[in-house]
Amino acid sequence: MKNMKKVLVFGLALVLSIALSACGKDKEEGSSGKDENGEKVTLNFWTFGATNYEDLAKEYEKVNPNVTIKVKASETAEHHDAIFTALSAGSGAPDIAMLELDQFDRFKAAQDRFENLYDLGAKDVQNEYLDWKWAGGENLEGNFLFGMPTDIGPKALYYRTDVFEEAGLPTEPEEVAALIDSPEAFKDAGLKVKEKTGKPFVDSIEMAYRAYLDASVDTYLNPEGELLIEKEGSSVKQAYDYAVDLYNEGIVGKFEMWTPEWANAVNTGEFAAELGAGWLKGWMEGNAPDAVGKWKVANLPTEFAANWGGSYIAIPSETKHAQVAYDFVEWLVSPENQLKSFEDKGLFPSAQAVYEMDEFTTYADEFFGGQVSSTVFAKAAQDISGTVYKGEKYFPVHQEVLNALHNVRDGGDPEKEWKAAVKRAKDLISR
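If you use mature numbering (1 follows the signal peptide of the UniProt record, and there is no 0), the sequence shown corresponds to residues -21 to -1, 1 to 410, in order.
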């Protein structure tokens, strides 16, 4: 789940050290919602952004009267920094913590600060979730589960039907997916839009770059900390070259996501398509009133099948009520409750059973002219083939490549900018 504007945080450089001493604790709880002395249990649950977890916590309390759940919601950056500070200090951490996907790896560096959810019963429900999402919650060895899967961000092609029609392209989702079935076909469609309408196909060079990047299992670094972008034929260089090619063809706009100019362009149709995750739909519904009925979504080529965003729910080892906390978390992310989170707040489910539920498969979107977009994103989620390793320095390196692309957009030489970005990245990881 994303708090859209705040979630694109590239400046977080703090890293939890695994050398920090673990805090002692007494685990004196059973699975009944009481500790061994029969006392009632209070759980502190820290979340971020807009969820329906406070309502679900109240629902849980009604059927588990010995459990009180105090939900604290914060903005994304503030939330994660507060958890980082508490874990570093060895005190003040919540019993349950929601962790955003792009922040997750920096917390995995301190495995001793979290409960292994496999020890609490998570194996029993593993098959209910997408394999790649579940794997993202594990350590590299696969024997420690940091977090239970919550929402995800499968990507699809958001497109303006009026711009597509003006360009002579099909407008029905199935026809669009059949036409734009490869990276080459994506480019061809963009050229037609440019020729017929004079508008860019995609909004920005960053989104053109993310087409390949988000779908790549190997990106900037490997688990050993090696910089992969130096290697010949790296997936990042492929994504970079593709974005530069689209830009040179004149089918990439100069809009920056989340700026007022970009928001206005979404609303008025100043570009034709966006490669967006499922959560973008919620932002559009609230911020593009003039575009109702003019956008639809179609599946992307398999080469671009990717996830952008989502979260996990972890249990810091500081808690004295690990089993009670886990029992609540397992209930919270069950297929039935993931459906409720989807209906209430648009959190896209990672539990496959939801994709077959009638409420999900008939969920028509007024913004998309009545299209049932949920099934498009469900297919996208199931097309994803692997888990992306990011590591602790993903964002600083990512920003250096983005800086290079922005320089290209402003007239810089692509190869010179690439080499300069690689050098800056090498300096970063050597620190």
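Using N, Cα and C, we set each Cβ at its ideal position, and we do this for glycine too.
Could you check if residue i is buried or exposed, using at least 16 other CB atoms within 10 Å of its CB as the buried criterion?
| i | result |
| --- | --- |
| L119 | exposed |
| T55 | buried |
| T281 | exposed |
| W237 | exposed |
| P152 | buried |
| W397 | buried |
| N227 | exposed |
| E15 | The predicted model places E15 with a pLDDT of 49, which falls under 50 and marks its position as unreliable, so this point remains unresolved. |
| E394 | exposed |
| V42 | exposed |
| G265 | exposed |
| E240 | exposed |
| S70 | exposed |
| A401 | Sequence check: residue 401 is Val here, not Ala. Buried is the call here. |
| T30 | buried |
| G116 | buried |
| A164 | exposed |
| T198 | buried |
| A343 | exposed |
| K319 | buried |
| D81 | buried |
| K51 | exposed |
| N201 | exposed |
| P314 | buried |
| S161 | exposed |
| D269 | exposed |
| E379 | buried |
Is DSSP giving residue i helix, strand or coil here?
| i | result |
| --- | --- |
| P44 | coil |
| M336 | coil |
| S320 | helix |
| D5 | Here the model assigns D5 a pLDDT of 43, short of 50, so the residue's position is not dependable and the matter cannot be decided. |
| W111 | helix |
| A400 | helix |
| P162 | helix |
| D392 | coil |
| K405 | helix |
| P149 | coil |
| K372 | coil |
| E144 | helix |
| L381 | helix |
| L170 | helix |
| D354 | The sequence shown places Thr at residue 354, rather than the Asp named in the question. DSSP places T354 in helix when its eight states are reduced to three. |
| E345 | coil |
| A252 | strand |
| E120 | coil |
Taking CB distances under 8 Å as the criterion, tell me whether residue i reaches chain D.
| i | result |
| --- | --- |
| L384 | Note that chain D does not occur in the displayed structure, where there is just one protein chain. |
Just tell me which of the options has its CA closest to the CA of residue i.
| i | options | result |
| --- | --- | --- |
| K369 | I75, D193 and D389 | D193 |
| P44 | S320, D160 and E18 | E18 |
| H385 | M186, A72 and V20 | M186 |
| V367 | W111, L99 and V351 | W111 |
| A68 | A343, S320 and E297 | E297 |
| residue 413 | G348, D337, V303 and F374 | Nothing can be reported for residue 413, as the shown portion of the chain is limited to -21 through 410. |
| L109 | G365, A404, G248 and F165 | G365 |
| D91 | F83, D60, F123 and G147 | F123 |
| A72 | E94, T30 and D197 | E94 |
| L158 | A277, K319 and Q331 | A277 |
| E371 | S313, A114, A332 and S409 | S409 |
| E79 | G390, V387, F27 and I48 | F27 |
| S195 | G261, A222 and S213 | S213 |
| D167 | E315, M77, D224 and F346 | D224 |
| W287 | L200, F125, I363 and V245 | I363 |
| N246 | Q350, Y137, S353 and A146 | Y137 |
| F321 | A301, E235 and K260 | K260 |
| V351 | K358, T340, Q361 and G204 | T340 |
| G121 | E107, D141, Y97 and A135 | Y97 |
| N243 | A267, Q331, A284 and T21 | A267 |
| P375 | G348, R403, G147 and R189 | R403 |
Touch check for the segment 304 to 314 and the segment 97 to 109: three-plus C-beta pairs under 8 Å? yes
Say whether the segment 179 to 186 touches the segment 219 to 239, bearing in mind that this needs 3 or more beta-carbon pairs closer than 8 Å, one atom from each stretch. yes
With three or more C-beta pairs closer than 8 Å as the rule, is the segment 36 to 49 touching the segment 287 to 295? no
Can you list the beta strand (DSSP E) stretches of 3 or more residues lying completely in the segment 175 to 248, in chain order? none
Ignoring anything shorter than 4 residues or poking outside the segment 18 to 99, list the alpha helix (DSSP H) runs there in chain order. Counting only runs of 4 or more, we get 32 to 42, 55 to 68 and 80 to 87.
Touch check for the segment 252 to 271 and the segment 207 to 215: three-plus C-beta pairs under 8 Å? no
Only counting runs of 3 or more residues, tell me where the beta strand (DSSP E) segments fall wholly within the segment 258 to 338, in order along the chain. 274 to 277 and 286 to 293
Using 8 Å as the cut-off, can you tell me whether the segment 316 to 329 makes contact with the segment 128 to 137, which would need three or more C-beta pairs spanning the two stretches below that distance? Touching, per the Cβ criterion.
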